[in-house]
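In our numbering, the protein residues as written are 240 to 537.
Okay, structure coming up:
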């Protein structure tokens, strides 16, 4: 019997696409909140003996994770053969070090929670900085899917004479990969972060790129301060209005509107998190990884 997919709230579109591409059943899962804020989770599909796959991107994780945790635990209680997680965006990965006394490495604590109820996990481009591999903190099998090939294809098809720009040194390898796939040049800016909302960016010589369209790429757009600063600098250099591309469009508060006001030609994102900027569908990347993980856990 094939695996059965369940969508947590807000993940219905991605789950339906995966079910269609894989030829799997999409089950019915009820999730709601009681008036006091507690979560209610109920399966309306039989999961006994089935490989259960829960689809839940983890933006706003403090709201999303408790229903997800219950859904995984209940599936196990109901006799599921295995329970896997598809989290296109994986939360808490930026919390990877202790900077002040009394703090904790919450990425590791979150990994223990996930590893305790799931048998495996698939995610897209997690923020791996001080952690170099998910296996350093997750004790279950994981599969990381890279969005760079799809982003490269989108840039090549939609941007004339693109110049890929990485907004900081951390993005250098990833931006270069995107540029290679798109068949275009790449430069990288240098970033000094002075606080949560204070980022200073220095720009290398851009005069040779006056006839190119800048494409600023980053993995996560949250406050969008890094992108906004980069937009300002490339505009000051006399380049055309840039296109901004993010893998994970978190866009906290008014960040999306502020980025638009900074003078971008367009903002595009992968649909790892549902957002108005979504232009790059990732289901085709996720489906083969899910097939591999379910075969391995059968």
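Each residue gets a CB set at the ideal place from its N, CA and C atoms; glycine is no exception.
Any idea which residues DSSP pairs residue 264 with across the strands?
-> 243
Are residue 336 and residue 376 closer than 8 Å when you measure CB to CB?
-> no
CB-CB length for residue 321 against residue 536, believed under 8 Å = 5 Å
In this structure, does DSSP put residue 471 in helix, strand or coil?
-> Helix at residue 471.
Boundaries (first-last residue) of the alpha helix (DSSP H) holding residue 345 = 345-356
For residue 317, does the three-state DSSP call read helix, strand or coil?
-> Residue 317 sits in coil when the DSSP states are folded into three classes, being neither helix nor strand.
Whole-angstrom distance between residue 386 and residue 465, CA atom to CA atom | 20 Å
Would you tell me roughly how many angstroms separate the C-alpha atoms of residue 299 and residue 488, rounded to the nearest one?
-> When rounded, the distance between both Cα atoms is 12 Å.
Quickly, what does DSSP pair residue 455 with across the bridge? List them, please.
-> Partner(s): 404 and 483.
Taking the CB atoms as reference points, tell me whether residue 513 and residue 249 lie closer together than 8 Å.
-> Yes, Cβ-Cβ distance for residue 513 and residue 249 is below 8 Å.
Locate the beta strand (DSSP E) running through residue 461, then write down its first and last residues.
-> Run containing residue 461: none; DSSP gives neither H nor E here.
Run through DSSP, which three-state label would residue 238 get?
-> Nothing about residue 238 can be read from this structure; the chain reaches only from 240 to 537.
With a CB to CB cut of under 8 Å and the five nearest residues on each side skipped, what residues in its chain are close to residue 356?
-> 308, 311, 312, 315 and 322
Is it true that the stretch 493-503 meets the stretch 526-533, where meeting means three or more beta-carbon pairs spaced less than 8 Å apart?
-> no
Mind listing, in chain order, the continuous alpha helix (DSSP H) runs of no fewer than 4 residues lying wholly within the stretch 370-419?
-> 387-397
Would you list the one or two residues that DSSP bridges to residue 359?
-> 323
Output yes or no for whether 8 Å exceeds the beta carbon distance between residue 486 and residue 407.
-> No, these two residues do not count as a Cβ contact at 8 Å.
Output the boundary residues of the alpha helix (DSSP H) element that contains residue 495.
-> 494-500
Is the beta carbon of residue 456 sitting closer than 8 Å to the one on residue 390?
-> Contact flag set, yes.
Looking at the structure shown, is residue 290 part of a helix, part of a strand, or coil, going by DSSP?
-> strand
Same chain, Cβ closer than 7 Å to residue 255, five either side skipped, listed in chain order = 265
Compute the Euclidean distance between the alpha carbons of residue 289 and residue 258, then round it to the nearest angstrom.
-> 15 Å
Three-state secondary structure (DSSP) at residue 296?
-> Here residue 296 carries a coil assignment [DSSP, helix/strand/coil].
Report the rounded CA-to-CA distance for residue 305 versus residue 278, giving the unit in angstroms.
-> 7 Å
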